[in-house]
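At position 232 of the sequence shown (counting the first as 1) the number is 232 in the working numbering, and the numbers step up by one without a gap.
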Amino acid sequence: MLATAERDTPAVLEAHQAPYHIGAVTLRVRDLAGLTAFYRDAIGLSVLRSDPQAAELGVGSTVLVRLLPGAGRPTAATGLFHLAILLPSRQALANWLQHAAGTGIRLEGASDHLVSEALYLSDPEGNGIEIYRDRRRAEWPRRPDGGIAMATERLDLDKLLREAQSGPYAGMPAGTAMGHIHLRVGDTAAAEAFYHGLIGFDVMVHYPGASFLASGGYHHHIAGNIWGSRGAGARGPGEAGLDSFQIVARDAADFEAMKERIVAAGGSVADGVPTIADPWNNRITLVR
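Structure follows, in structure tokens:
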């Protein structure tokens, strides 16, 4: 039998072995030093760059979260619902939970989504965070029509903790990635029209008031809900919270195909980097 880490590693690759996946998420914050310390000490990311203009945190050399100072007051309910950090194994999730319990990090939820197991919290400025691990695609339940079945069931935290390793927390391990991004939008049909109709992600699952979209058959790379933002309009520039996020193309052909869609949808290209904003002014950049 394969060791747990070996057995679970392909689950992380599952999110990234698609034509497109989510890269770094950039947040605009009020307290740059405080949020940098939070994502380092509480979340377990490494500081890859830190100066008065920005902080970049991630795993290895890969940036997962970028923090920018100078946040303005939010004027709209739309924006980030949560960024979702994907761990490479169930044991890695258990290790983080043990770290959270031992250091007093307050969780806001813990769910078994059938395709994944997830822990939820917010940073000190209210930006939502999901920390999760995927089950293998072969384990994902299917609806009668063949589509992916997802749910929100209680996650047994005591059982999960029994898989944690002893000793001090060493931070998020190699193989950690940005798994998906979940947005607050004003209208789910408009979200689908943009992310599916214009950008080309597939609609995977509908929840009441939420749509889940993905590339390459993943359960979701992008989600949008109206649970607290029905009818809300676009965010203003420089507001606190989500500034932008990356869509990462697998190869040159995928990059060019998405670039064409972005330009056709009204986006622009500067210094070779295609950029577009969705109807709520959530900015997206395409990278390789």
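Think of the CB as a built atom: it goes at the ideal place given N, C-alpha and C, for glycine as much as any other residue.
Collapsed DSSP secondary structure at residue i in the structure displayed
{"i": "residue 287", "result": "strand"}
{"i": "residue 138", "result": "helix"}
{"i": "residue 195", "result": "helix"}
{"i": "residue 218", "result": "coil"}
{"i": "residue 263", "result": "helix"}
{"i": "residue 230", "result": "coil"}
{"i": "residue 235", "result": "coil"}
{"i": "residue 255", "result": "helix"}
{"i": "residue 145", "result": "coil"}
{"i": "residue 187", "result": "coil"}
{"i": "residue 177", "result": "strand"}
{"i": "residue 151", "result": "coil"}
Beta-carbon separation (whole angstroms), residue i vs residue j, contact threshold 8 Å
{"i": "residue 87", "j": "residue 133", "result": "5 Å"}
{"i": "residue 93", "j": "residue 117", "result": "6 Å"}
{"i": "residue 20", "j": "residue 254", "result": "7 Å"}
{"i": "residue 239", "j": "residue 103", "result": "That pair is no contact at about 30 Å."}
{"i": "residue 45", "j": "residue 54", "result": "Not quite, the Cβ-Cβ distance comes to about 14 Å (not below 8 Å), so this is no contact."}
{"i": "residue 174", "j": "residue 25", "result": "With a Cβ gap of about 20 Å, residue 174 and residue 25 do not count as contacting."}
{"i": "residue 57", "j": "residue 97", "result": "Not a contact, Cβ separation roughly 20 Å."}
{"i": "residue 81", "j": "residue 128", "result": "5 Å"}
Alpha-carbon spacing of residue i relative to residue j, whole angstroms
{"i": "residue 146", "j": "residue 206", "result": "14 Å"}
{"i": "residue 198", "j": "residue 261", "result": "6 Å"}
{"i": "residue 43", "j": "residue 178", "result": "13 Å"}
{"i": "residue 287", "j": "residue 191", "result": "22 Å"}
{"i": "residue 130", "j": "residue 223", "result": "13 Å"}
{"i": "residue 35", "j": "residue 144", "result": "45 Å"}
{"i": "residue 28", "j": "residue 17", "result": "29 Å"}
{"i": "residue 247", "j": "residue 47", "result": "22 Å"}
{"i": "residue 1", "j": "residue 64", "result": "Reliability fails at residue 1, whose pLDDT of 28 lies under 50, so the model's placement of it is uncertain and the value that follows must be treated cautiously. If I take the Cα positions, the gap works out to 32 Å."}
{"i": "residue 266", "j": "residue 152", "result": "36 Å"}
{"i": "residue 282", "j": "residue 79", "result": "6 Å"}
{"i": "residue 72", "j": "residue 163", "result": "42 Å"}
{"i": "residue 171", "j": "residue 136", "result": "24 Å"}
{"i": "residue 185", "j": "residue 141", "result": "27 Å"}
{"i": "residue 235", "j": "residue 220", "result": "24 Å"}
{"i": "residue 202", "j": "residue 213", "result": "5 Å"}
{"i": "residue 210", "j": "residue 121", "result": "20 Å"}
{"i": "residue 183", "j": "residue 168", "result": "34 Å"}
{"i": "residue 5", "j": "residue 196", "result": "Because residue 5 carries a pLDDT of 38, less than 50, the predicted location of this residue cannot be relied on, and the following value inherits that uncertainty. Each residue's Cα considered, the two are about 34 Å apart."}
{"i": "residue 193", "j": "residue 278", "result": "10 Å"}
{"i": "residue 218", "j": "residue 180", "result": "10 Å"}
{"i": "residue 176", "j": "residue 62", "result": "9 Å"}
{"i": "residue 100", "j": "residue 264", "result": "45 Å"}
{"i": "residue 291", "j": "residue 124", "result": "This structure does not reach residue 291, given that the chain is present from 1 up to 288, and the question cannot be answered."}
{"i": "residue 244", "j": "residue 237", "result": "11 Å"}
{"i": "residue 10", "j": "residue 138", "result": "Bear in mind that a pLDDT of 43 at residue 10, under 50, signals an unreliable position, so the number given afterwards is only what the model happens to contain. Straight-line Cα distance between these residues: approximately 11 Å."}
{"i": "residue 258", "j": "residue 249", "result": "8 Å"}
{"i": "residue 95", "j": "residue 159", "result": "12 Å"}
{"i": "residue 285", "j": "residue 242", "result": "13 Å"}
Start-to-end residues for the alpha helix (DSSP H) that takes in residue i
{"i": "residue 33", "result": "32–37"}
{"i": "residue 161", "result": "157–161"}
Residue range of the beta strand (DSSP E) that includes residue i
{"i": "residue 243", "result": "241–249"}
{"i": "residue 276", "result": "273–277"}
{"i": "residue 48", "result": "46–51"}
{"i": "residue 167", "result": "No beta strand (DSSP E) holds residue 167; DSSP gives it neither H nor E."}
{"i": "residue 22", "result": "20–28"}
{"i": "residue 269", "result": "268–270"}
{"i": "residue 202", "result": "202–207"}
{"i": "residue 58", "result": "54–59"}
What are the start and end residues of each continuous alpha helix (DSSP H) run of 4 or more residues lying completely inside the region 62–141, in chain order? Listed in chain order, the alpha helix (DSSP H) elements of length 4 or more contained wholly in the region 62–141 are 90–103.
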